[in-house]
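**Student:** Residues in the sequence shown are numbered consecutively from 0, following numbering that gives the first Met the number 0.
Think of the CB as a built atom: it goes at the ideal place given N, C-alpha and C, for glycine as much as any other residue.
All figures in this text were calculated on a predicted structure; none of them were measured in a lab.
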Amino acid sequence: MEEREKLAAAKKYLDDLANGVDPLTGRILPEDSGVNNVRVSRCLFYVSSVLEKVIENGGSVGARVKKPKKLIFSLSQTEKDAIEITETPVLLADFVERVNANVDLNVMKKVSAKAFTDWMIANGILEEKFIKDKNRKFPTLLGNNLGVITEERQGLYGKYVAILYTKTAQEFLVDNLDEIVQAYYG
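As structure tokens, this is what we get:
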């Protein structure tokens with residue numbers, strides 16, 4: 000007997016019992032039978048309906064639909080050309096947000112700011128310095144030459160140094176986007 004046939008037979012037994020019928024003999028079960036209790040009968044009808052769904056779905060019910068695995072970030076040259084590059088220097092987070100605006104996030108993973116930062120450190124554009132118990136990043140001379148600049152700002156907790164990316168730096172990062180993604184995601 001195949002699996003579907005077994006499921007169909009089990010459903011028939013449940014239906015018979017829920018209706019107060021002995022599934023083996025076809026005789027009506029006595030009124031005082033436990034199967035004729037309203038709660039038991041309702042439970043049997045419920046299990047029968049679940050089994051019906053299992054049969055309809057080819058052996059599974061309520062199975063979670065697995066989301067397709069997202070693709071690793073990539074952009075065509077046309078999509079890269081569409082990235083908004085600004086004359087005004089921007090924070091890396093703002094730049095990365097504009098890069099990710101060109102991606103269908105239902106299909107593809109975002110590229111992270113960390114991917115850019117790690118690549119720039121590995122390529123000598125940024126360097127890490129330990130200041131006030133924190134690891135901070137600053138542009139190197141090469142970074143400055145590529146348009147990565149710093150600006151002192153006033154924040155909620157006092158002054159801090161923001162790293163900004165000029166138009167030249169933004170264009171440089173777009174030009175190296177494939178290499179950045181490859182270095183981070185492999």
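Give the straight-line distance between the Cα atoms of residue 87 and residue 65, rounded to the nearest whole angstrom.
**Tutor:** Going from the Cα of residue 87 to the Cα of residue 65 covers about 43 angstroms.
**Student:** Which residue from 43, 37 and 31 puts its Cα closest to that of residue 12?
**Tutor:** With distances taken between Cα atoms, residue 12 lies closest to 43.
**Student:** Between residue 183 and residue 91, is the Cβ-Cβ spacing less than 8 angstroms?
**Tutor:** No.
**Student:** Less than 8 angstroms between the beta carbons of residue 54 and residue 170, yes or no?
**Tutor:** Cβ distance not < 8 angstroms, so residue 54 and residue 170 don't count as in contact.
**Student:** Using 8 angstroms as the threshold, is the C-beta distance between residue 113 and residue 51 below it?
**Tutor:** Contact: no.
**Student:** Classify residue 15 as buried or exposed, calling it buried when 16 or more other Cβ atoms lie within 10 Å of its own Cβ.
**Tutor:** The residue is buried, with at least 16 neighbouring Cβ atoms inside 10 Å.
**Student:** Counting only runs that start and end within the stretch 127 to 185, where is the beta strand (DSSP E) found for 3 or more residues in a row?
**Tutor:** Runs found: 133 to 138, 147 to 154 and 157 to 164.
**Student:** Taking the alpha-carbon of residue 125 as reference, which of 149, 67 and 104 has the nearest alpha-carbon?
**Tutor:** It is 149 whose Cα lies nearest to the Cα of residue 125.
**Student:** Looking at the unbroken alpha helix (DSSP H) that takes in residue 30, where does it start and where does it end?
**Tutor:** Segment: none, residue 30 is in no alpha helix (DSSP H) and carries neither H nor E.
**Student:** Could you please give me the residues that DSSP links to residue 20 through a beta bridge?
**Tutor:** Paired residues: 27.
**Student:** Under a Cβ-count criterion, where at least 16 other Cβ atoms within 10 Å of its own Cβ denotes burial, should residue 17 be classed as buried or exposed?
**Tutor:** That one is buried.
**Student:** Just to confirm before moving on: does the CB-CB distance between residue 120 and residue 98 stay below 8 angstroms?
**Tutor:** No, they are not a contact pair.
**Student:** Could you check if residue 172 is buried or exposed, using at least 16 other CB atoms within 10 Å of its CB as the buried criterion?
**Tutor:** With 16 or more other Cβ atoms within 10 Å, it is buried.
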